[in-house]
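Numbering (our numbering), first residue to last: 183 to 326.
Yeah, the Cβ is synthetic: ideal placement off N, Cα and C, and Gly gets one too.
No experiment lies behind these values; they were computed from the predicted model shown.
As structure tokens, this is what we get:
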């Protein structure tokens, strides 16, 4: 998966209106915490083998299991065929941060570093904002 030249507006325009509105609401929460965070559209084959387009926020370097260092996004949002995905690439106490929020986020499906949900009304947005705040604090701590 790599960054593309697609703009954020082009990404949102490529989605159905309802999907675009849902992802824009999540983006607005992120930008309310970190108004200057970078936003890039990523596309390609994701780790699970599926081809995806993800709007990524923030960038950092990560070392993969093959010891290769790659650039990656801190937070990502995307529309899948039947649900929305949110990726949070922050680790605390040797586990993905998202795990410590899973019981409070609402009616979601949890993955290692991701959540899936069918509609935004199923997500506790206050808890989601808290997750983003802690994610950015961990990221900023590593950067300093």
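{"Check": "Same chain, Cβ closer than 7 angstroms to residue 227, five either side skipped, listed in chain order", "Outcome": "183 and 233"}
{"Check": "Inter-residue spacing [alpha-carbon to alpha-carbon] between residue 261 and residue 185", "Outcome": "17 angstroms"}
{"Check": "Per-residue burial, residue 204 [other beta carbons within 10 Å of its own, 16 or more giving buried]", "Outcome": "buried"}
{"Check": "Own chain, CB closer than 7 angstroms to residue 253, minus 5 neighbours either side, in chain order", "Outcome": "241 and 243"}
{"Check": "Three-way DSSP call (helix, strand, coil) for residue 220 in this model", "Outcome": "coil"}
{"Check": "DSSP three-state assignment for residue 321, whether helix, strand or coil", "Outcome": "helix"}
{"Check": "Alpha carbon of residue 193 to alpha carbon of residue 302, nearest angstrom", "Outcome": "19 angstroms"}
{"Check": "C-beta contact flag for residue 300 and residue 265 at 8 angstroms", "Outcome": "yes"}
{"Check": "Sub-8 angstroms separation of residue 267 and residue 298 beta-carbons", "Outcome": "yes"}
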